[in-house]
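For the sequence shown, counting from 1, position 177 maps to 160 in the working numbering; every step adds exactly one.
Cβ coordinates follow ideal geometry from the N, Cα and C atoms, glycine included.
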Amino acid sequence: MTNAFATSGLFGALLCDPRIAEEFSATAFTDRMLAFEAAWTQALGAYGFVSERDANKALAAIKTFSSENLGHGSGRDGLPVPALVAGLKSTLDVGAARAVHTGATSQDVMDTAMVLTCLSVMDAMTARLTRLVAELDALLEKSGDNAMMARTRMQAALPANVALRVDAWRRPLADHLALADDVKNQLSVVQIGGPIGSRETPQPHVAECAGQVAETLGLALGPVWHADRSRFVAMGH
-16 MTNAFATSGL FGALLCDPRI AEEFSATAFT DRMLAFEAAW TQALGAYGFV
34 SERDANKALA AIKTFSSENL GHGSGRDGLP VPALVAGLKS TLDVGAARAV
84 HTGATSQDVM DTAMVLTCLS VMDAMTARLT RLVAELDALL EKSGDNAMMA
134 RTRMQAALPA NVALRVDAWR RPLADHLALA DDVKNQLSVV QIGGPIGSRE
184 TPQPHVAECA GQVAETLGLA LGPVWHADRS RFVAMGH
């Protein structure tokens, strides 16, 4: 999807897919972190943890946030979320600042942003697979019965037809395409665990608040999965 060599200019776009790389750009990933923070703030306001006024002031800060300095924060903290949260709160009074990130943790933000990123990548890859399988189907219909010589170790082996070769290309692609919906369902779960994975803020509306965040982002709500990386592994496979 992307590669360190791609940034050197030596290999052009050979080792980098620009469409997929864009999904992991600083701008795209920051937008998804901000989407989580906005959904979280909305939920805190909806269930009375903060006032409507404070929630609206926080949402305005989220909407106008500039991500220019997050890289410096990552160098200091090891990830961009502390700098993101500090930047969002920097222009807010105490009440409105409480409407930003309170009860969430950095991994909630990072994991949920990564889920949204991977889902967008899945959409792109599924669309490509669908087109490719359709093109192979058209090739099979047009030329599948045509005779050709099968080869082994670059030497003529036995007579065959085009379908033998093209079916071997098509089959794994179609299998991946058939699994795409299951992988997307595995991915489509919000991460909300709080600082220690106990999901305990805001009381007494923890479940309702988490559920609203999930719904706002178009995701499902399940158990906390901080230590379970199988969703991303399945997507990678």
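Sorted by chain position, which residues of the same chain lie with C-beta nearer than 7 Å to Val196's C-beta, five sequence neighbours on each side aside? Within the sequence shown, the letter at position 213 stands for residue 196. Once the five neighbours on either side are set aside, the close Cβ partners of Val196 are Ala22, Trp23, Ala26, Val173, Ile175.
For Thr135, is the classification buried or exposed, using 16 other Cβ atoms within 10 angstroms of its Cβ as the cut-off for buried? In the sequence shown, the residue the question calls residue 135 occupies position 152. So Thr135 ends up on the exposed side.
In the DSSP output, which residue or residues are listed as bridge partners for Gln138? The residue you call residue 138 lines up with position 155 of the sequence shown. Beta-bridge pairing links Gln138 to Thr135.
Bounding residues of the alpha helix (DSSP H) (the contiguous stretch that carries Cys(-1)): Your numbering for residue -1 matches position 16 in the sequence shown. Premise fails: Cys(-1) is in no alpha helix (DSSP H) and is neither H nor E.
Phe48 and Leu286 - do their beta-carbons sit closer together than 8 Å? Given that the chain is displayed from residue -16 to residue 220, the structure contains no residue 286 and the question cannot be resolved.
Cβ of Val149 within 8 Å of Cβ of Leu119? Position 166 of the sequence shown holds residue 149. Position 136 of the sequence shown holds residue 119. In contact: Val149 and Leu119 (Cβ atoms closer than 8 Å).
Once DSSP output is grouped into helix, strand and coil, what is the label at Ala130? As a first step, residue 130 is located in the sequence shown; it is residue number 147 there, counting from the start. Residue state, collapsed to three classes: strand.
For Ala22: DSSP bridge partner residues: The residue you call residue 22 lines up with position 39 of the sequence shown. In DSSP, Ala22 forms no bridge with anything.
DSSP has Asn144 in a bridge; who is on the other side? The residue you call residue 144 lines up with position 161 of the sequence shown. According to DSSP, Asn144 bridges with Ala130.
For the ligand GDP, is there a heavy atom less than 7 Å away from the beta-carbon of Thr24? The ligand GDP is not among the ligands present in this structure, which contains no ligands whatsoever.
Identify which residue in Arg81, Leu42, Thr10, Thr199 has its Cα closest to the Cα of Leu53. As a working mapping, residue 53 is identified with position 70 in the sequence shown. Cα-wise, what sits closest to Leu53 is Thr10.
Below 8 Å on the Cβ atoms is my guess for Arg111 versus Leu170; work out the distance and round it to an integer in Å. Working through the sequence shown from its first residue, we reach residue 111 at position 128. Working through the sequence shown from its first residue, we reach residue 170 at position 187. Not confirmed; about 18 Å, so no contact.
Option in Ala161, Trp208, Ala4, Asp158 with minimal Cα separation from Ile179: Sequence index remark: in the sequence shown, residue 179 carries index 196 (1-based). The candidate whose alpha carbon is nearest that of Ile179 is Trp208.
Could you pull out every residue in the same chain whose Cβ sits closer than 8 Å to the Cβ of Leu115, ignoring the five residues on either side in sequence? The count along the sequence shown starts at 1 and reaches residue 115 at position 132. Leu156.
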